[in-house]
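> Quick mapping for you: the protein sequence lines, in order, are chains A and B.
When we follow the working numbering, the leftmost residue of the first sequence carries the number 4, and every step to the right adds one.
When we follow the working numbering, the leftmost residue of the second sequence carries the number 36, and every step to the right adds one.
My questions all concern the structure below.
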Amino acid sequence: MIPEISWKNIWRNKTRSLIVITAVTLGIISGVLLVGIMQGWVEQRIHDAIHNEVSHVQIHNAEYYDNEDILSTIDSLNKIISVLESDPEVKAWTERTKLTAIATTPWASTGLFIYGINPQKEKEVSEIYTKIVPNGGEYPDINKTGYILISDKTAEILQLKQYIITEPLIEKFRESRLPDNIVIKLDSIKGIRFRSPKEFKAILEKKLNWKELDMYGKLIMDSALDYRIRNRIQITLSDCNGNPVQGTFRLCGIYKTTNTGFDQASAFVNINELAELYGSDTPLVHEIAIMLHNAENIDNVKNKLSTVTDKNIVHTWKELAPDAAMMNDFMYMYYFIFIGIIMLALAFGIINTMLMAILERTKELGMLMAIGMNRKRIFSMIMLETIFLTSAGAVAGMLAGWVLVSMLGKTGIHFSSWGEGFEAIGYSANVYPVVTFDFFIFVIAMVVFTAVLSSIWPARKALKLNPVETLRTE
Amino acid sequence: MKILELKNVNKIYDGSEVPVHAVRDVTLEFEEGEFAAIVGPSGSGKTTLLNLIGGLDMPTSGEIIIDGVNLAKLKPSHLIDFRLRNIGFVFQSYNLIPVLTARENVEFIMSLQKWPRKERDARTYELLKAVGLEERMNSRPSKLSGGQQQRVAVARALAPKPKFILADEPTANLDSKAASNLLEIMEKLNREEKITFIFSTHDPRVVKKARRVIALEDGRVFSDEKIQSVND
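Next comes the structure, spelled out in structure tokens:
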């Protein structure tokens with residue numbers, strides 16, 4: 004009967020209880036949303052790190068890992084391949100040549116890693132082929148030779164990315180019912196090439212007012228973007244003897260991941276063509292990237308591959324992308340910090356409400372003690388009241404938070420204005436919030452803990468009451 | 036059978052500048068089935084004496100023995116439990132639990148004593164019927180009159196079959212009709228349940244119904260008179 008009384012007691016003063024419940028509900032919703040966004044970002048970062056950048060496991064020659072020397076290829080390659088082929092835990096793998104190079108166009112040059120890949124096998128371990136930008140050409144075809152795949156960022160550096168308002172584009176704008184005054188303004192910059200988004204944006208800011216820019220700026224930028232597909236890029240690298248060699252590749256495609264740092268440093272060509280350039284009959288393999296069926300088995304696979312030879316070094320994704328791994332490992336700490344701060348703030352409101360409730364019921368508590376309700380039962384009653392009060396808000400908050408996160412998980416939240424900043428550190432500007440079952444268990448534990456903690460002071464106050472004195476009060 | 040014994044009980048409150056001797060050298064015995072009134076003017080020590088008998092307060096000296104158990108020898112936690120099992124309380128201002136219905140209020144102490152559900156239900160109905168409130172058993176105290184609330188309080192006190200019931204001025208807040216109705220019910224239950232009723236009062240109508248009248252003055256027993264009822 005104590006739980007029943009406790010539940011009924013919280014509805015004695017409906018307004019006061021509803022205020023506390025609403026505060027808890029809003030607190031939990033914000034906690035769920037905040038953690039959902041954080042978790043969404045972490046999961047996206049881990050997914051992108053594994054599927055675009057480092058795979059589950061990578062093997063290198065230990066020396067290559069230190070000095071990136073062209074001759075430091077993977078040791079005992081055939082043995083490793085046979086282990087990979089026979090291991091049921093391995094889903095796919097691919098070998099790569101990885102060399103430092105300088106990419107040059109008539110307008111600019113940049114240093115990067117040039118990856119020699121087998122485009123078909125690469126698709127099984129990397130999702131780069133799905134990251135080709137609109138109007139950005141295509142992923143290299145295994146049957147075509149002489150092509151290079153670079154990132155949007157590299158294209159920008161090499162000035163292979165331009166913005167131009169063409170006559171067909173003006174016509175397209177007219178047909179798409181872009182206001183006439185805007186089309187007229189755009190017509191005035193027709194045919195001018197802008198070699199960077201910054202330059203083009205600056206001219207748009209001059210021509211259009213802020214409202215027009217806000218409404219049509221992105222559409223105009225996206226439509227005017229033109230990559231110089233099939234343009235030549237000269238690659239300079241050191242051959243097997245340490246002499247500089249040069250080769251020319253045609254730009255076949257532009258990709259863009261959520262990590263600008265990776266994009267800026269990575270360009271891809273056919274592994275056999277690259278071998279011809281550095282003067283080797285067979286491709287030199289510096290890196291093997293491996294995807295597993297189940298990432299849980301990562302340590303088993305690492306151990307198996309490490310035993311083949313001690314000249315190679317095997318890394319898991321956590322070692323290759325320590326930022327993502329750290330975020331993942333720290334997720335529970337983030338839960339604790341976010342929810343802890345919210346619950347701490349709410350605890351003061353809960354304590355205040357419970358103290359008021361005790362003050363109002365002094366005589367009744369005295370009567371309960373007089374008729375034989377012992378300290379343990381009085382304490383339980385008040386503690387349960389606090390737990391019910393807090394839990395009512397928490398359940399509502401978790402449900403509302405879950406619905407909100409589920410909806411936003413589908414539509415995503417777009418932090419377009421800060422996109423460049425996010426992508427510079429490997430995070431997408433579009434986040435899809437997600438919360439796990441574990442998180443809700445954690446919230447429940449925190450809510451109960453807060454409720455129990457918040458009930459101690461009011462309950463102690465109640466226990467100090469003297470039945471004889473309280474019964475005398477009016 | 037003797038169920039309650041007070042031996043040279045004194046209670047001195049020395050919290051204020053001048054110590055107050057609220058109960059002086061009281062020695063009394065109560066038999067099973069008594070219907071006793073403690074009377075006296077305000078400040079004569081009636082409520083203090085009831086609090087001492089009920090174990091809500093401890094005497095400065097002397098002994099209170101209930102069914103062979105000296106209250107002073109019980110640990111505080113055991114005393115609460117002892118009170119729960121042996122003493123029923125009826126308060127002047129009813130003191131029902133406002134969030135519970137009449138039925139739940141009556142059931143409350145039995146549930147604390149872990150009575151089986153079936154027995155609890157039967158006893159609750161029996162008592163609410165005895166106090167004439169079986170039709171109002173699902174009403175909350177706020178929907179009942181003062182007299183009805185006090186009848187529920189009597190039913191609650193009787194529910195777990197205590198050794199005796201202490202009632203502190205039970206009719207003080209009732210009009211004459213409700214008071215007389217309550218007294219009739221208490222008398223009837225006293226006869227039928229053989230439960231001892233000890234109540235403090237200065238209401239002459241209550242005194243008239245009592246079969247034993249203990250008069251207090253300045254904390255002392257001034258007179259202790261057993262009245263032969265017509266029924267006896």
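All residues carry an ideal CB built from backbone N, CA and C; glycine is no exception.
The structure presented is a predicted model; accordingly, all values stated were derived computationally and were not measured.
Between which two residues does the alpha helix (DSSP H) containing Phe-65 (chain B) stretch?
It is not in any alpha helix (DSSP H) - Phe-65 (chain B) instead sits in the beta strand (DSSP E) that spans 55 to 66.
> Per DSSP, what are the beta-bridge partners of Glu-260 (chain B) in this structure?
Answer by DSSP bridge pairing, in chain order: B:Val-248.
> Just mark Glu-204 (chain B) as buried or exposed, buried being the case when its beta carbon has 16 or more other beta carbons within 10 Å.
By the 10 Å Cβ count, Glu-204 (chain B) comes out buried.
> State the beta-bridge partners of Pro-195 (chain B) as determined by DSSP.
DSSP, once it has assigned bridges, lists no residue as partnering Pro-195 (chain B).
> Give me the residue from A:Trp-10, A:Ile-73, A:Ile-131, A:Lys-221 with the minimum Cα distance to Val-57 (chain A).
Comparing Cα-Cα distances from Val-57 (chain A) to each of A:Trp-10, A:Ile-73, A:Ile-131, A:Lys-221, the minimum goes to A:Ile-131.
> Taking the alpha carbon of Ala-462 (chain A) as the reference point, which residue from A:Ala-328, A:Leu-80, A:Ile-353, A:Leu-21 has its own alpha carbon closest?
That would be A:Ile-353, whose Cα lies nearest to the Cα of Ala-462 (chain A).
> Name the residues in the segment 96 to 116 of chain B whose C-beta lies less than 7 Å from a C-beta of chain A; which are they?
Correct list: Ser-112, Ile-115, Asp-116.
> How long is the line joining the alpha carbons of Ala-158 (chain A) and Tyr-150 (chain A), rounded to whole angstroms?
Approximately 14 Å between the Cα atoms of the pair.
> Mind checking which residues open and close the beta strand (DSSP E) that includes Ala-292 (chain A)?
Segment 290 to 295, the beta strand (DSSP E) holding Ala-292 (chain A).
> Could you list which residues in chain B have their beta carbon closer than 9 Å to that of Pro-91 (chain A), in chain order?
Those do not exist, as Pro-91 (chain A) stays about 59 Å from chain B at its closest Cβ, beyond 9 Å.
> Three-state secondary structure (DSSP) at Gln-249 (chain A)?
Strand, per DSSP.
> Give the residues of chain B in contact with Leu-474 (chain A), contact being defined as C-beta atoms less than 7 Å apart.
Result: Phe-126.
> To which residues of the same chain is Gln-42 (chain A) closer than 8 Å at the C-beta, ignoring the five residues directly before and after it?
The answer, listed in chain order, is Met-334, Pro-436, Val-437, Val-438, Thr-439, Phe-442.
> Reducing DSSP to helix, strand and coil, say where Asn-266 (chain B) ends up.
Residue confidence is low: Asn-266 (chain B) scores 48 on pLDDT, short of 50, so the model does not pin down where it sits. Its coordinate-derived value is still stated next. Three-state DSSP puts Asn-266 (chain B) in coil, outside helix and strand.
> At 9 Å on the CB atoms, spell out the chain A contacts of Leu-41 (chain B), in chain order.
Within chain A, no residue comes near Leu-41 (chain B); the closest Cβ sits about 17 Å away, beyond 9 Å.
> Going along the chain, which unbroken runs of the alpha helix (DSSP H) with 4 or more residues stay wholly within the segment 160 to 245 of chain B?
Listed in chain order, the complete alpha helix (DSSP H) runs (minimum 4 residues) inside the segment 160 to 245 of chain B are 181 to 193, 211 to 228, 239 to 244.
> Mind checking if Asn-16 (chain A) is an interface residue toward chain B, Cβ cutoff 8 Å exclusive?
No, because no Cβ of chain B sits closer than 8 Å to the Cβ of Asn-16 (chain A).
> Below 8 Å on the Cβ atoms is my contact criterion, and I expect Ile-274 (chain A) with Gly-34 (chain A) to pass it. Report the Cβ-Cβ distance as a whole number of Å.
About 49 Å separates the two Cβ atoms, so there is no contact after all.
> Three Cβ pairs or more, each shorter than 8 Å: is that satisfied between the segment 93 to 100 of chain A and the segment 283 to 297 of chain A?
As far as the Cβ criterion goes, the segment 93 to 100 of chain A touches the segment 283 to 297 of chain A, which means the pair count is three or higher.
> Any idea if Pro-176 (chain B) is buried or exposed, counting beta-carbon neighbours within 10 angstroms, 16 or more meaning buried?
With 16 or more other Cβ atoms within 10 Å, it is buried.
> Compare the C-beta of Ile-144 (chain B) against all C-beta atoms of chain A and say whether one is closer than 8 Å.
Cβ-Cβ to chain A under 8 Å: yes for Ile-144 (chain B).
> Pair every Cβ in the segment 221 to 234 of chain B with every Cβ in the segment 144 to 160 of chain B, then say whether three or more of these pairs are closer than 8 Å.
Not touching, per the Cβ criterion.
> Would you identify the three-state DSSP class for Val-134 (chain B), choosing helix, strand or coil?
Looking at Val-134 (chain B) - three-state DSSP - the assignment turns out to be coil, as it is neither helix nor strand.
> Excluding sequence positions up to five away, which residues of its chain have a Cβ less than 8 Å from the Cβ of Ser-226 (chain A)?
Leu-172, Lys-175, Phe-176, listed in sequence order.
> Identify which residue in A:Lys-204, A:Ile-153, A:Leu-402, A:Leu-216 has its Cα closest to the Cα of Asn-184 (chain A).
Taking only the C-alpha atoms, the option nearest Asn-184 (chain A) is A:Leu-216.
> According to DSSP, is Lys-42 (chain B) part of a helix, a strand, or is it coil?
Here Lys-42 (chain B) sits in strand by DSSP.
> So, under 8 Å CB-CB, Ser-431 (chain A) and Thr-261 (chain A) are touching, yes? Tell me the CB distance rounded to an integer number of Å.
The pair is a contact, with the Cβ atoms about 4 Å apart (cut-off 8 Å).
> Near Arg-48 (chain A), which residues of its chain fall below 7 Å by C-beta distance, leaving aside the five closest residues on each side in sequence?
Once the five neighbours on either side are set aside, the close Cβ partners of Arg-48 (chain A) are Ala-327, Met-330, Gly-429, Tyr-430.
> Cutting at 8 Å between CB atoms, please list the residues of its own chain near Val-455 (chain A), excluding the five before and the five after it.
Closer than 8 Å at Cβ, skipping near neighbours: Met-386, Thr-389, Ile-390.
> In whole angstroms, give me the CA-to-CA distance for His-289 (chain A) and Phe-116 (chain A).
Roughly 12 Å separates the two Cα atoms.
> To test your reading of the DSSP string, which unbroken alpha helix (DSSP H) runs of 4 or more residues are found completely within the segment 42 to 69 of chain A?
You should have found no qualifying run.
> One question on the structure: do Ile-38 (chain B) and Lys-198 (chain B) come within less than 8 Å of each other, judged by their Cβ atoms?
Going by C-beta atoms, Ile-38 (chain B) is nearer than 8 Å to Lys-198 (chain B).
> Looking only at its chain, what residues have a beta carbon closer than 8 Å to the beta carbon of His-59 (chain A), apart from the 5 residues adjacent to it on each side?
If we look at His-59 (chain A) and ignore the five residues flanking it on each side, its Cβ neighbours are Ile-53, Ile-293, Met-294, Leu-295, Ala-298, Ile-301, Val-304, Thr-319, Trp-320.
> So Arg-380 (chain A) contacts chain B; which residues on that side make the cut at Cβ distance below 8 Å?
Near Arg-380 (chain A) (Cβ distances below 8 Å), the residues of chain B are Leu-147.
> Grouping DSSP H, G and I as helix and E and B as strand, with all else coil, what is Glu-52 (chain B)?
In the structure shown, Glu-52 (chain B) sits in coil (DSSP, three-state: anything other than H, G, I, E or B).
> Going by the CB atoms, is the gap between Phe-341 (chain A) and Tyr-118 (chain A) shorter than 8 Å?
Going by C-beta atoms, Tyr-118 (chain A) is not nearer than 8 Å to Phe-341 (chain A).
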